[in-house]
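One structure is given below, encoded as structure tokens.
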């Protein structure tokens with residue numbers, strides 16, 4: 013808009029400058045004509061003044077007097093015409109100058125009004141530009157885009173994207189069969205192995221059970237199989253041979269080993285015998 017207004021102003025100024033130049037040229041020509049006609053009139057008047065006495069004395073014929081009078085009259089008419097043309101050219105020159113000045117004042121007034129209007133609109137426009145750029149409060153990876161409709165309207169406070177923080181601890185959601193859930197408790201130690209990285213090379217992540225779902229959920233609609241959802245949080249990160257952190261992104265598959273209490277080899281050997289002994293001498 014500003015560029016268009018500037019271009020229009022420049023076009024008007026160029027047009028008025030051309031008109032002013034043309035008026036100045038016409039005025040110069042008219043003034044030159046006045047000077048030429050003034051000289052011609054002066055010569056004609058002098059000739060008439062000289063011929064008159066000679067005709068009275070009979071030295072020159074009457075026809076010469078008539079010719080001189082006609083020439084003086086014609087020169088006078090041309091001189092007055094040149095003066096009129098010069099006056100008209102001067103008037104045109106003043107008119108163009110006034111038009112030029114008035115147009116400049118109008119353009120300046122319009123520019124000031126437009127600038128004032130833009131100054132009032134600028135905060136709102138800056139706010140729109142600022143709001144057009146979304147900035148997350150944390151660095152991370154976009155996991156889901158919640159508003160994907162082009163031209164859609166977003167309600168105030170409505171989430172737009174789901175971001176997984178890159179500097180936050182890794183949280184893994186595991187499925188535990190109902191038969192094993194009795195041996196899982198919050199705070200229990202665990203080991204997380206990412207299938208994307210070879211365990212024998214990169215090892216596992218140490219973690220801890222953070223949350224256990226209050227009830228089993230259906231994880232396979234076809235078979236009706238259910239599992240408890242267990243959330244395991246890790247604090248460390250996998251690194252390569254050079255000590256650089258490996259990239260871990262949402263959606264990676266992991267295997268989780270939930271660690272139970274420590275037991276000796278002897279307890280493992282005696283455990284079956286103890287179970288048999290506890291059931292001995294019983295009858296259903």
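Numbering (my numbering), first residue to last: 13 to 296.
Glycine included, C-beta positions come from ideal geometry on N, C-alpha and C.
In the DSSP assignment, residue 230 is bridged to 238. Bridge pairing for residue 188: 240 [DSSP]. For residue 105, the number of other beta carbons within 10 angstroms of its own is at least 16, and it is reported as buried. Taking 8 Å as the upper bound for CB-CB distance, residue 260 and residue 182 are in contact here, some 6 Å apart. In this structure the stretch 113-127 does not lie against the stretch 78-88, because fewer than three pairs of beta carbons, one per stretch, are closer than 8 Å. For residue 60, the CB contacts under 7 Å within the same chain, skipping 5 residues up- and downstream, are 80, 81 and 84 in chain order. Within the model, the alpha-carbon separation for residue 30 versus residue 126 is close to 27 Å. In the structure shown, residue 75 adopts helical secondary structure according to DSSP, grouped into three states. When secondary structure is reduced to three states using DSSP, residue 159 falls in the coil class, being assigned neither helix nor strand. Under the three-state reduction of DSSP, residue 197 is assigned to coil, being neither helix nor strand.
Taking a C-beta distance under 9 Å as the contact criterion, residue 42 and residue 108 do not qualify as a contact pair. Within a 10 Å sphere around the beta-carbon of residue 53 sit 16 or more other beta-carbons, which makes this residue buried. Taking the Cα of residue 207 as reference, the smallest distance to any Cα among 160, 250, 148 and 162 is reached at 250.
Residues 249, 250 and 251 of the same chain have their beta carbon placed closer than 8 Å to that of residue 257, with the five preceding and five following residues left out of the count.
Between residue 232 and residue 240, the C-beta gap is not smaller than 9 Å, which leaves the two residues out of contact. For the pair residue 244 and residue 184, the CB atoms are nearer than the 9 Å cut-off.
Of the candidates 57, 113 and 47, the residue whose Cα lies closest to the Cα of residue 94 is 47. Apart from sequence neighbours up to five positions away, the residues of its chain that approach residue 156 with a beta-carbon distance below 8 Å are 173 and 174, ordered along the chain. Using a Cβ distance threshold of 9 Å, residue 218 and residue 247 count as a contacting pair. Collapsing the DSSP output to three states places residue 145 in coil. Closest in C-alpha terms to residue 113, from the list 25, 192 and 162, comes 25.
Contact check for residue 189 and residue 268: beta-carbon distance about 13 Å, past the 8 Å limit, so the pair fails to qualify.
Per DSSP, reduced to three states, the secondary structure at residue 247 is coil, with no helix or strand assignment. For residue 150, no alpha helix (DSSP H) run applies, since DSSP gives it neither H nor E.
Looking from the CA of residue 204, the closest CA among 216, 212, 197 and 194 belongs to 216. Distance between residue 200 and residue 225, taken at the CA atoms: about 15 Å.
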